[in-house]
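Position in the sequence shown counted from 1, then plus 169, gives you the numbering used here.
Glycine included, each C-beta is placed from N, C-alpha and C at the ideal position.
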Amino acid sequence: MTKNKKQKINPQKKTSDDLSSAPNSSGSIGSDVPTNGQTKQKDVPLGPACFVVFIFGLVILCVAVAIMSFLLTGKQGGRAAYALREQLIPWVDQSSLSQTDQVAIIEDLTALASQMEQDKLTSRQLTRLGVRLSDSPILQWGVVEDINRRAQASKGLTEQEKTDFARVCDRWLRAAGEGKLSMNEMEFTLQTTARKDGRSGRLTLKEDVSDDQLREVYRRILAICEKYKISSDPYDKSISQTFKLMIEDGLAEK
Numbered sequence: 170m171t172k173n174k175k176q177k178i179n180p181q182k183k184t185s186d187d188l189s190s191a192p193n194s195s196g197s198i199g200s201d202v203p204t205n206g207q208t209k210q211k212d213v214p215l216g217p218a219c220f221v222v223f224i225f226g227l228v229i230l231c232v233a234v235a236i237m238s239f240l241l242t243g244k245q246g247g248r249a250a251y252a253l254r255e256q257l258i259p260w261v262d263q264s265s266l267s268q269t270d271q272v273a274i275i276e277d278l279t280a281l282a283s284q285m286e287q288d289k290l291t292s293r294q295l296t297r298l299g300v301r302l303s304d305s306p307i308l309q310w311g312v313v314e315d316i317n318r319r320a321q322a323s324k325g326l327t328e329q330e331k332t333d334f335a336r337v338c339d340r341w342l343r344a345a346g347e348g349k350l351s352m353n354e355m356e357f358t359l360q361t362t363a364r365k366d367g368r369s370g371r372l373t374l375k376e377d378v379s380d381d382q383l384r385e386v387y388r389r390i391l392a393i394c395e396k397y398k399i400s401s402d403p404y405d406k407s408i409s410q411t412f413k414l415m416i417e418d419g420l421a422e423k
């Protein structure tokens, strides 16, 4: 018969589990009792503070963008006037347009530059004018006049072909005045009969243009006019008059 040894329990000795679970006098758990005179600090959430900083930074960014936009639009007219006086007017002065058309167009551009400098034009008007002046082929129309003169002087074209050629050129000018003819279309039409200067972008007529090439140019011009359904009625406006109508159209909407 084996004797069971009884373990003696020391009432003064408590396990660590007992200490951790024992309540203190204030009713809290023993493990929450501060030690060594230190008080426990609660973690402060940073979310609200970060959100405030984000909003403040966003406001500053919006103000900066608004200021920059004001400064840029405020100088838009001055920059456009400078481009007309220093770039476009000299370009027209050296173009192959007739002297009469050159003088009239330069007068219109000079008056337009004065309006820009005096901030008389809205941003919408400046944008519309910029599109028309940069993509309109009217200022390149000197090369069309040259090729028409070449066709009229040709000995291989019949009189009817010469008459049709002159009429379709007038019809083409009407298309340009209505804003339906782009520079890309003009360059494509004249690619076999004209060359483009790499620096100035000016189109000039080649010296060796055959009658067959003239007939091809006629067919291409006629196809563009038919594509945009340009009226075949006689067009009696000059290049400078057509240019003025284009400028007035750009200024029409404020």
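Query: Check: V378 C-beta below 8 Å from any heavy atom of the ligand SAH; Result: You won't find the ligand SAH in this model; it holds no ligand whatsoever.
Query: Residues bridged to T373 (per DSSP); Result: R364
Query: CB contact flag (K349, I399, <9 Å); Result: yes
Query: Contacting residues, own chain, Cβ-Cβ under 6 Å from L266 (five flanking each side not counted); Result: G311
Query: 8 Å contact criterion, which I393 and E422 should meet: CB distance rounded; Result: The pair is not a contact, with the Cβ atoms about 26 Å apart (cut-off 8 Å).
Query: Sequence ranges, alpha helix (DSSP H) only - wholly within the segment 310 to 346, length at least 4; Result: 310 to 322, 328 to 346
Query: Element boundaries [alpha helix (DSSP H), containing E286]; Result: 268 to 286
Query: As assigned by DSSP and simplified to three states, the class of P306; Result: coil
Query: Rounded distance between the beta-carbons of R371 and S264, thought under 8 Å; Result: 7 Å
Query: Residue nearest to R343 in terms of C-alpha spacing, selected from T296, R248, Q309, S401; Result: S401
Query: Length of the line joining the Cα atoms of Q321 and M352; Result: 24 Å
Query: Exposed unless 16 or more other CB atoms sit within 10 angstroms - verdict on S292; Result: exposed
Query: Unbroken alpha helix (DSSP H) run spanning G419, endpoints; Result: 408 to 420
Query: Where T291 sits in the DSSP three-state scheme; Result: coil
Query: Short Cβ contact (9 Å threshold) for Q294 with L414; Result: no
Query: Burial state of T358, where buried means 16 or more other Cβ atoms lie within 10 Å; Result: buried
Query: Inter-residue Cα distance where the pair is E314 and R254; Result: 25 Å
Query: CA nearest to the CA of P306, picked from R340, A345, R319, Q268; Result: A345
Query: For G246, the three-state DSSP class (helix, strand or coil); Result: helix
Query: Span separating the alpha-carbon of R389 from that of M285; Result: 38 Å
Query: Best match in D288, G325, L374, T327 for proximity to Q245 [C-alpha to C-alpha]; Result: D288
Query: Same chain, Cβ closer than 6 Å to I258, neighbours up to 5 away in sequence not counted; Result: I275, L278
Query: Whole-angstrom distance between D381 and T373, CA atom to CA atom; Result: 19 Å
Query: Classification of D270 by the beta-carbon crowding that lies within 10 angstroms, buried from 16 upward; Result: buried
Query: Proximity below 9 Å, CB of Y404 to CB of D339; Result: yes
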